[in-house]
Each structure stands twice: as C-alpha cells, then as structure tokens.
Amino acid sequence: MRVAVLIEELCKPNSNAFAYLQKYSAMCERECIQFEGDKCKILESACPVCLTRAKHCPDGAVKIINLPEELDTDLTHSYGQNAFRLFRLPSPRQEQIVGILGPNGIGKSTALNLLSGSFRPNLGEWENPSPEWENVISTFPRGELRDYLGLVAQGDIRIAVKPQYIDKLPKIFDGRVSDLLEKVDDRGEMEEYSELLGISHIIGRNMSALSGGELQRVAICATLLKQADVYFFDEPSSYLDIYERMRMVGVIRELSDKGKRVLVVEHDLAILDVLCDLIHVIYGERSAYGIFTPPRSTRTAINAYLDGFLPEENMRIRDKPIQFLRGRNRGEEVGTPILKWGGIEKRLGDFTLKTGEGEVKSAEVVGVVGPNATGKTTLVKIIAGEIDPDEGWCTMDAKVSYKPQHVSSDFDGTVQELLDSELAGKWRSGEFHTQVTRALQVDKMLELRVKKLSGGELQAVCILICLGKEADLYLFDEPSAHLDANARMEAAKAIRRTMESNEKAAMVIDHDTYFLDIVSDSILAFQGNGGSNGMAVGPLSLRKGMNLFLSDANVTFRRDVESHRPRINKPHSRKDREQKSSGEYFYSD
0 MRVAVLIEEL CKPNSNAFAY LQKYSAMCER ECIQFEGDKC KILESACPVC LTRAKHCPDG
60 AVKIINLPEE LDTDLTHSYG QNAFRLFRLP SPRQEQIVGI LGPNGIGKST ALNLLSGSFR
120 PNLGEWENPS PEWENVISTF PRGELRDYLG LVAQGDIRIA VKPQYIDKLP KIFDGRVSDL
180 LEKVDDRGEM EEYSELLGIS HIIGRNMSAL SGGELQRVAI CATLLKQADV YFFDEPSSYL
240 DIYERMRMVG VIRELSDKGK RVLVVEHDLA ILDVLCDLIH VIYGERSAYG IFTPPRSTRT
300 AINAYLDGFL PEENMRIRDK PIQFLRGRNR GEEVGTPILK WGGIEKRLGD FTLKTGEGEV
360 KSAEVVGVVG PNATGKTTLV KIIAGEIDPD EGWCTMDAKV SYKPQHVSSD FDGTVQELLD
420 SELAGKWRSG EFHTQVTRAL QVDKMLELRV KKLSGGELQA VCILICLGKE ADLYLFDEPS
480 AHLDANARME AAKAIRRTME SNEKAAMVID HDTYFLDIVS DSILAFQGNG GSNGMAVGPL
540 SLRKGMNLFL SDANVTFRRD VESHRPRINK PHSRKDREQK SSGEYFYSD
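Quick note, the sequence shown lines up with residues 0 to 588 if you use numbering that gives the first Met the number 0.
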C-alpha cells in the first residue's frame, strides 16, 4: 500500500517545492504530478519515475510511504488525496480508563474528534465528508469499538471533552471562574469538585487572571461537572506539579469507578502509568499517517514504546531504546564549581523565597523540583541576572544561557532564518547537529514559519537555541512543556549529552519525573506553600533530593524490573506502604 503525502505549508506558490514539482509535472504522459491553479496533487498510482522525482522534492514537502497491504482495510479517515491518514481507532471501555500514547501530529486529536462525533470517519473516501453511519460501523469488527460507535450514531451517548490547549480558554470565555463552572454544572456539585481540585480560592477570579496550572484545573473541573457517559481528557497534566497531578489522577479514577468510559491523551508516562488500565500506542509519521495498535496492559505498552519495538505489530518505531540508568552520586564525574549561592532572600508582594547554601559544578545537571509558586522560577531569574535578591549572595564567573518558562516568538521568518540569526552556522555543524538539531527534529522544521509553529515545535527550537549559545551555565524553565513523550526523552538526552561533552552545567526546572530522571545528576528541592513562601534545599544527590521532594508530596516511586523507568506506586498499595514505612520514596537503583 503506497501513501503519497504533500505538506501544503511547504509547497505553496514561489516555494522551492512548488517550482520543483511544476518543472516535472509535464514530463510524463500519464500526468502523475498534476496542478490545478496553485494546488498540486500526486497520484498514488504514479509511475516509478515520477514517484522517485516526488520523493526527492526539496524541503521534505513530499513523503512517499510504503505501508503493509493489510492496513488498506483499516483506513479510518483521510483529510484528502495527498493528506494525512488515520488507521484504526482506540476503543473507550466501560469502567476502564484507556490511554493513548504517541508523538504529536500523528492523529490523536483526530481520533478524539471521530470518537466524540465531531465528524464521521470517511474510511478514506474524503470526497464524502458525511458517510452513512450504518456503512461506517459495518466496517469495524464486532466488539467494544463497534458498539460504542453505534451509540454515537444513535445519539444515545453524552460526551464531555477536556481540550488540549487550555491557554485559549480566557479567549473563549471572558468572565469569572464561578460563572463558567455554574454554566456547565449539570451535577450540582461545583463546590465539591472545586474543593477536590484545589480551586476554591480562585472561584471569584476572572479567567484571564489565571496561571496555566489554575486554568488546567478549572478545565478539568468544568469537564467533570458535565453529566456525561464518556469523558475525554486531552493532556490533563500540563502545567501541574506532582501534587496536583496525583490529585487529578484521583478524581479521574473516580469516574471509572462510577462506570463511566474515560479516554486520556497524556505525555507524562509516570501519570499515564498510574492512571490508565489499558493503553493504545499510536505510531506513524508526523503530518503523514498514524496507526493505532490494539490495547495493551499499561506496563506492556509503555515498556514497548520506550524500547522502540512493538512486537505484536512487528514494527520498530525508534532506532534506539530510551534507557533509564541509575543516577550518578553527586560529586562523581563532575568538575569545579561554576555557581555558588547562600542565604538568598527575595520578597515579591506577599511571597518570600529563602535558600540555604548551594553550588553547581561543571558537567553537572541539577534538576529543580517542588510545588508550583514556591520560587523555582524566581531563583532561576536571580541566577540569570534578571532580578536582584533582597539579601544573600550569588557568585558566578560564567556566561549564562536562559530558556524561560513561557516560550514565544515574534520573529517574522522561517525556523532556518531564526537559527541563522541566533546561532550562525552552529546548529548545522558536526556533533551539535547530530546530538541536538536532529535529536530534537528541528531539522524537519527549517522551512516552517516561526509564527505558525505549534507549542511543541517552538519549545524544541527554543531548547536548541539555548543549548547553541556559548555559555558556562544553561538554565531551562519547564523544557518538557508541550513536548510529546518521545520528544521529552530526546530533549533530556540532548541537554545531558551537551553538558557532559562540553563540561558545562545546567539547571532544569520540570515536573516530569521521567524527564528529570534522565537529565539530572542532583536535585534542588523546593518546599513551602505556593504563593506564600518557598525554601530551596540542596542540591542533593538524585535519590536524596527526590526522597525529600516526594515525602512532602506523599508519593512513592519504584523501578520497573525491565526498563528501569520510575513507576508511581498506587496509593495505599502494599509497595506504597512498605516504601513509606522505610522512608524510601524514590528508588534510584
């Protein structure tokens, strides 16, 4: 089965790809490459010569992909002749939480739209946008999915969706939090769920005044208050710290216990692991195609995804496995101090930050953890020189490169033009190109306009620019935000490799435990009450620092026997009780 995909963004009039395809369109009597005004199409029945020409189109604007013939009967939806295609669908199940795991841009949101009834599967017949439900349903084998689609077709099922991009909510609803929740409260339980999700204190605020984490909890609360049979949660952990993530896990699991169907798209593998009963892995190629695997147990699915090989599909989805190794002890294989601080105090309104004494050494990566609003970003800004402390000292004989928490760009040009302006030719040279540019897949974005990048794409570009600047200390504030699970692991490895090979140092603020486990040598743990006070302790060894942090959060982790990845113990399980009684909240062995 051959699939020809044309990336329209890269093949507009006056582009290199447009000129290239136009040149060869008239060279074949079969008219394999055709133009209608400023639109191009490539016949999938094209002759071998034209397919080869199309495959070598500049800027990667054309993808010619060979897929197994048996997938022909599994084609669920296509957006056009040379557009994205989705094969198979995940299956919501009663009294179970089903997760979806896979990269961005290969069909997760499309699947949610199809399952919610926003539009119907066209089975590849893109010219018929609204096929008869009876014809659609008959193509699926008997089982949970077919029964579910039958309910959707009959309108006998109520669906609630927590959207992915919660930062757009203030633009959609300009009012107070209480007004929004009262509007969607079918259950009459606004007070109860507001208390469960820790948003009672912000009920009277306007939506536009909320932080990312507050918006996320409001969106989850609004979804839970709807009276529905099926609940879809698209990236519910974004912007939340570990405390809030575990609270979110508890309230979503209650839906399943009440007999509801729940489907979750999530990139934090630790949360996906503890939240879900089954997982569908989706693999494919960005903007080209996506294929859902049958559901597997949570542990089996995540381990296979990390290994990069799906045995049931006999498909390798990654060149190398993502490995989790025992963290180095602080002081091993690290060099001389680059940064030292002590007794720092900073007052911002009603909030006060304090620190003990600490230092960061060359070739060391310090993970920075703690509840939201306890001063992590404030300390990083003090180190970066953006703000001054009220008391204490900070000595550093080093250049600093800083990637802020919220990334944005007003650059009016392509990614390649931005990289050339910021890093000259470094991004495309030698080891840096291999270990960073290609690893972050920025080499596939070069012709895209910066202003049109997705959140994950822009995050990857900003990480690359930060790493590409000449500095001794690199500061990263939530670099995993908006990145999918695979991109997070690659970003963590890129940061770590750069520090080790160049003997530089980094401080990384993040909430993703997998990301921190891969990237960190040591931990700077923040304690305190969000918005009131914060105290920075450390840096400490990875194990000691995570133990301190997780004991405050009352969460325990164990290591998976096969992959060695950190796994959250289910609350009150035997393993959870054993580790808490021994004081071992985080196993790094």
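Ideal Cβ placement from N, Cα and C applies to all residues, glycine included.
Residue from the options whose Cα sits closest to the Cα of residue i
i: L515; options: G529, G530, F548 and A535; result: F548
i: D387; options: E344, D396 and H279; result: E344
i: I290; options: G101, E489 and N134; result: G101
i: R557; options: P538, E489 and E583; result: E583
i: N103; options: Q215, D233 and S428; result: D233
i: I6; options: S286, E190 and F118; result: S286
i: G391; options: E356, L418 and L74; result: E356
i: R295; options: G283, L352 and D276; result: D276
i: S540; options: R566, P570 and Y586; result: Y586
i: S115; options: L179, C56 and A227; result: A227
i: F231; options: L347, H481, R252 and R246; result: R252
i: R576; options: V554, R564 and E191; result: V554
i: G123; options: T72, F323, S400 and E284; result: T72
i: G36; options: Q21, C46 and N532; result: Q21
i: A221; options: G537, K574, K443 and I198; result: I198
i: L567; options: L42, V406, L271 and T138; result: Looking at the sequence itself, residue 567 is Ile, so the reference to Leu does not match. Comparing Cα positions, the closest option is L271.
i: P120; options: P91, L85, L150 and I99; result: L85
Exposed unless 16 or more other CB atoms sit within 10 angstroms - verdict on residue i
i: V261; result: buried
i: S420; result: exposed
i: D511; result: buried
i: P140; result: exposed
i: Y78; result: exposed
i: D411; result: exposed
i: G330; result: Low confidence applies here, because G330 scores a pLDDT of 48, under 50, leaving its location unreliable and the question unanswered by this model.
i: N134; result: exposed
i: I382; result: buried
i: A423; result: exposed
i: A208; result: exposed
i: V4; result: buried
i: V97; result: buried
i: I219; result: buried
i: V560; result: exposed
i: G326; result: Residue confidence is low: G326 scores 49 on pLDDT, short of 50, so the model does not pin down where it sits. Its coordinate-derived value is still stated next. Buried, because 16 or more other Cβ atoms sit within 10 Å of the Cβ of G326.
i: G643; result: There is no way to answer for residue 643, as the model of the chain reaches only from 0 to 588.
i: F83; result: buried
i: G562; result: The question names Gly, but residue 562 is Ser in the sequence shown. The residue is buried, with at least 16 neighbouring Cβ atoms inside 10 Å.
i: C646; result: Since the displayed the chain opens at 0 and closes at 588, residue 646 lies outside it and no answer follows.
Distance CB(residue i)-CB(residue j) smaller than 7 Å
i: E441; j: L474; result: The sequence shown places Val at residue 441, rather than the Glu named in the question. No, Cβ-Cβ distance for V441 and L474 is not below 7 Å.
i: V229; j: V248; result: no
i: M206; j: P169; result: yes
i: V367; j: M506; result: yes
i: V264; j: K38; result: no
i: F34; j: S44; result: no
i: V449; j: S408; result: yes
i: I321; j: L309; result: no
i: T394; j: K339; result: yes
i: R216; j: L195; result: no
i: I241; j: A491; result: no
i: L9; j: A18; result: no
i: A620; j: K398; result: Beyond the ends of the chain as shown, which are 0 and 588, falls residue 620; an answer cannot be given.
i: A159; j: W132; result: no
i: I301; j: L268; result: yes
i: A110; j: P89; result: yes
i: R495; j: V518; result: yes
i: V359; j: I337; result: yes
i: S479; j: D509; result: yes
i: G467; j: K503; result: no
i: E477; j: Q404; result: yes
i: D202; j: E213; result: A small fix is needed here, since residue 202 is Ile in this sequence, not Asp. No, Cβ-Cβ distance for I202 and E213 is not below 7 Å.
i: A438; j: E489; result: yes
i: V176; j: R204; result: yes
i: E126; j: S255; result: no
Minimum Cβ-Cβ distance from residue i to chain C less than 7 Å
i: N127; result: Here there is only one protein chain, and chain C is not present.
Segment contact flag, the segment 158-176 with the segment 132-147, C-beta cutoff 8 Å, min 3 pairs: no
Meets three-Cβ-pair contact criterion under 8 Å: the segment 66-86 and the segment 447-461: no
Any beta strand (DSSP E) of 3 or more consecutive residues that is wholly inside the segment 65-145: 74-77, 84-86 and 96-100
Beta strand (DSSP E) runs contained entirely in the segment 265-350, provided each spans 3 or more residues: 277-284, 288-291 and 336-347
Minimum length 4: unbroken alpha helix (DSSP H) runs contained in the segment 426-493: 454-467
Length-filtered (4 minimum) alpha helix (DSSP H) runs lying within the segment 202-273: 211-224 and 241-256
Length at least 3, wholly inside the segment 496-552: the beta strand (DSSP E) runs in chain order: The segment 496-552 contains these whole beta strand (DSSP E) runs: 504-508, 521-528 and 532-540.
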